[in-house]
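Comments concern the structure below.
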Amino acid sequence: MQNRIDQLFATKKQNILNIYCTAGFPELNDTLTVMKALEDNGVDIIELGMPFSDPLADGPVIQDSSSRALKNGMTIHKLFEQLEGFRDTIKVPVILMGYLNPVLRYGVEAFVEKCAAVGIDGLILPDLPMAEYESDYKAIFEKNNIDLIFLVTPETKEERIRKIDSLSKGFIYAVSSSSTTGKDKNMGNQEEYFEKLNSLQLKNPVMIGFGIKDKATFDAAASHASGAIIGTAFIKALENSSAGIPSTVKAFVENIREGKTIMI
1 MQNRIDQLFA TKKQNILNIY CTAGFPELND TLTVMKALED NGVDIIELGM
51 PFSDPLADGP VIQDSSSRAL KNGMTIHKLF EQLEGFRDTI KVPVILMGYL
101 NPVLRYGVEA FVEKCAAVGI DGLILPDLPM AEYESDYKAI FEKNNIDLIF
151 LVTPETKEER IRKIDSLSKG FIYAVSSSST TGKDKNMGNQ EEYFEKLNSL
201 QLKNPVMIGF GIKDKATFDA AASHASGAII GTAFIKALEN SSAGIPSTVK
251 AFVENIREGK TIMI
C-alpha cells in the first residue's frame, strides 16, 4: 500500500516543495499552526524536526530553533500529543526528521508504531547506520508502512548510493554539499554531482536540500531533481516575523514559488 509520500511522487514529478519546520518553534503550541499554514499555501511535503540537543547535520539557525523548542518544553511525547488527530485537517505527507538517541530511548518499534498511528509517513534519521537499519529495523518500518529516507552527499560512492537506493523508500535526500544546513551554496557548482545522480537511474526520486533559500536556488535545485527542501530560510522567516504565522508562511511560500518579495 502506498503511503502519502509515494502517492505524491506518483502524481507529481517536478517542483515538489518540502519545507522543514522545528516542532515547538517559535512557541511550544505553534507546531500545528505552522503545519496547517504550510499546507494551505501549497507546500507539498512537511518535514517536521524533532528538537535534539546535539544535532549533527544542522547549522546554527536550526540548532537555535531546536534549543528554543526544547526550552519551550517540547519532547517526543509532547510532539506525539500535539500530532494526535492532525490528519483531520492536514493531508500532505509529513516526515519526522531527527536523531537516533531520542528514538532509541522511546524504543524504535514503539516509536515507529506511534508514527503510523498518528499519521506520519516517513522518517529521516541521519545518524542511523544503514547496516543497522537493514539488520534490525527495516522490517519494523515496512510493517508500519513508514518510509525511511537516507541522505547522500557529493562524496558518497556509487556503490553506497545504489545500496541506499535499495533500502530507501519515499525519496533520496541529496545534500547539496558536505556541510551543515544553512550554508550559502552555488547550485551551479554542483551540476556534475546532480547529473551523476540522474545518470544512475535510481528507483527512488531525488530531493535536494541544504542551501535552498529563495526562488532562484529552489528553481536551480529543482531543475536537477523532483524538487527541493528548505529549512534554515524558513526558520529565519518565522523567527524574524511579527506578522503572525499564517501571513509569514504565505509570504515565504509566495517568494519561493513566484519570486515575490517577502514583506512581513
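Each residue of the sequence shown is one higher than the one before, starting from 1 at the first, in the numbering used here. Virtual Cβ for every residue (Gly too), placed ideally from N, Cα, C. Values in this document were obtained by computation on a predicted structure and should not be read as measured data.
**Asked** With a CB to CB cut of under 7 Å and the five nearest residues on each side skipped, what residues in its chain are close to residue 74?
**Response** Taking the sequence shown and counting its residues from 1, the one referred to as residue 74 is at position 74. 23, 24, 28, 51.
**Request:** Compare the C-alpha of residue 46 against each of 239, 234, 26 and name the closest.
**Result:** Numbered from its first residue, the sequence shown carries residue 46 at position 46. Of the listed residues, the one whose Cα sits closest to residue 46 is 234.
**Message:** Please report the straight-line C-alpha distance between residue 54 and residue 195, rounded to a whole angstrom.
**Reply:** Reading the sequence shown from its first residue, position 54 is the one you call residue 54. Reading the sequence shown from its first residue, position 195 is the one you call residue 195. For residue 54 and residue 195, the distance between alpha carbons rounds to 33 Å.
**Prompt:** Any chance the segment 108 to 123 sits against the segment 84 to 93, with 3 or more Cβ pairs inside 8 Å?
**Reply:** At 8 Å Cβ cutoff, the stretches touch.
**Secondary structure, alpha helix (DSSP H): runs of 4+ residues fully inside the segment 190 to 233** = Those alpha helix (DSSP H) runs which fall completely within the segment 190 to 233 and span 4+ residues are 191 to 199, 215 to 222.
**Asked** So residue 95 packs on residue 48, CB below 8 Å; how close in whole Å?
**Response** Along the sequence shown, one-based indexing puts residue 95 at 95. Along the sequence shown, one-based indexing puts residue 48 at 48. The pair is a contact, with the Cβ atoms about 7 Å apart (cut-off 8 Å).
**Segment contact flag, the segment 195 to 208 with the segment 160 to 179, C-beta cutoff 8 Å, min 3 pairs** = Judged by Cβ distances under 8 Å, the segment 195 to 208 makes contact with the segment 160 to 179, as three or more pairs qualify.
**Asked** On the three-state DSSP scale, how would you describe residue 103?
**Response** In the sequence shown, counting from the first residue as 1, residue 103 sits at position 103. Per DSSP, reduced to three states, the secondary structure at residue 103 is helical.
**Asked** Where do the N-terminal and C-terminal ends of the alpha helix (DSSP H) with residue 159 fall, by residue?
**Response** For this step, residue 159 is matched to residue 159 along the sequence shown. Segment 158 to 167, the alpha helix (DSSP H) holding residue 159.
**Request:** Output the boundary residues of the alpha helix (DSSP H) element that contains residue 92.
**Result:** One-based indexing of the sequence shown puts residue 92 at position 92. Counted as a single uninterrupted DSSP element, the stretch harbouring residue 92 is not any alpha helix (DSSP H), since DSSP gives it neither H nor E.
**Asked** How do the segment 30 to 42 and the segment 240 to 256 stand: do at least 3 beta-carbon pairs fall below 8 Å, yes or no?
**Response** In the pairwise beta carbon analysis, the segment 30 to 42 is classified as touching the segment 240 to 256: at least three pairs are separated by under 8 Å.
**Prompt:** Taking buried to mean at least 16 other C-beta atoms within 10 Å of its own C-beta, is residue 129 buried or exposed?
**Reply:** Mapped onto the sequence shown, residue 129 falls at position 129. Residue 129 is classed as exposed because its beta carbon has fewer than 16 other beta carbons within 10 Å across all chains shown.
**Prompt:** Just checking my contact of residue 259 with residue 5 at CB under 8 Å: how many whole Å lie between their CB atoms?
**Reply:** In the sequence shown, residue 259 corresponds to position 259, counting from 1. In the sequence shown, residue 5 corresponds to position 5, counting from 1. The pair is not a contact, with the Cβ atoms about 27 Å apart (cut-off 8 Å).
**Message:** Taking a contact to mean a Cβ-Cβ separation below 8 Å, would you say residue 256 touches residue 210 in this structure?
**Reply:** The residue you call residue 256 lines up with position 256 of the sequence shown. The residue you call residue 210 lines up with position 210 of the sequence shown. Going by beta carbons, residue 256 and residue 210 fall outside the 8 Å limit.
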